[in-house]
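Read through the structure below, which is laid out as structure tokens, and then see the notes.
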Amino acid sequence: MLKIGVLASGRGSNFQAIIDEIEAGKIPAKIEILIVDNPNAYAIERAKKHGISYLYINPREFPSKEAFYEKIRDELIARGVELVILAGFMRIVKKPLVDAFQNRIMNIHPALLPSFPGLHGQKQAVDYGVRISGCTVHFVDEGVDTGPIIIQAAVPVHPEDTEETLSERILRLEHKIFPEAIRLFAEGRLKVEGRKVKILNYNLPEISFSNPEIRQ
Ligand code: GRF
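FYI, the numbering for the sequence shown is 8 to 223, going by the numbering used here.
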């Protein structure tokens, strides 16, 4: 059973989607710990409700960002965590954590990378006027949303869309592809070769599910 650690800063709807899939028996994994950098994160309520341990680590209590990430790393390692999930964790992960979990940290970004990295990916897409956007699950390296891509899913962008309407449409797919990527990892089916992630025994029906808006 894969041991997972989740880092979150806020609402935690992706965290919830992952909990639900694990509880439904669809991902052979256990969430060992939720770590938050914000004591008011709603993700904490979700952890409590599902009997998941959580830890608030205050970044201001550390002399440097590196020291903050060393603490997170140590807490994860102490619990035997094998995969780290960034579920709305609003910080750029630094070297001490990235080095300890090479190709074992996953993030979800609300745009089709490499377009619109960084904050407000949905607003960037609306402002730019693209016709298609979506979301990306990727492994985390030291850059901002630059690591190897695992799964992407696309949605249309309508001329009348606002940041809010597009965010809602994208979020529905985030809740599908993030648990899906974790399931593939837990099943040992992800192989990273440089920038590319190979998915072992991934057949077409599974791929097409991640594009439901376009199939309709
Ligand atoms: C999501 O839009 C995700 O793509 C981004 O932060 C947001 C987190 O939402 N990284 P939630 O906390 O999972 O509800």
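Quick reminder that beta carbons are idealized off the backbone N, C-alpha and C, glycines included.
Item, Value
"Counting only runs that start and end within the segment 105-155, where is the beta strand (DSSP E) found for 3 or more residues in a row?", "112-116, 139-146"
"Output the distance between the C-alpha atoms of residue 62 and residue 40, rounded to the nearest integer angstrom.", "7 Å"
"Alpha carbon to alpha carbon, how far is residue 77 from residue 127? Give it in angstroms, no decimals.", "28 Å"
"Tell me whether the segment 101-112 and the segment 80-92 touch, counting them as touching only if at least three CB pairs, one residue from each stretch, are closer than 8 Å.", "yes"
"Out of 116, 200, 133, 107, state which residue places its alpha-carbon closest to the alpha-carbon of residue 160.", "116"
"Looking at residue 50: is its Cβ nearer than 9 Å to the Cβ of residue 94?", "yes"
"Can you list, in chain order, the residues of its chain whose CB lies under 7 Å from that of residue 210, leaving out five sequence neighbours each side?", "none"
"Any heavy atom of the ligand GRF closer than 8 Å to the Cβ of residue 210?", "no"
"Kindly indicate the opening and closing residues of the alpha helix (DSSP H) around residue 49.", "Neither: residue 49 is in no alpha helix (DSSP H) and is coded neither H nor E."
"Compute every distance between the C-beta of residue 15 and the non-hydrogen atoms of the ligand GRF, then say whether any falls below 8 Å.", "yes"
"In the DSSP assignment, find the unbroken alpha helix (DSSP H) run with residue 183 in it and report its ends.", "170-193"
"Cutting at 6 Å between CB atoms, please list the residues of its own chain near residue 103, excluding the five before and the five after it.", "73, 76, 77, 80"
"For residue 15, which residues from the same chain have a beta carbon less than 7 Å from its beta carbon, with the 5 sequence-adjacent residues on both sides left out?", "22, 41, 43, 48, 50, 94, 95, 96"
"Consider the C-beta atom of residue 117 and the heavy atoms of the ligand GRF; say whether any pair is separated by less than 8 Å.", "yes"
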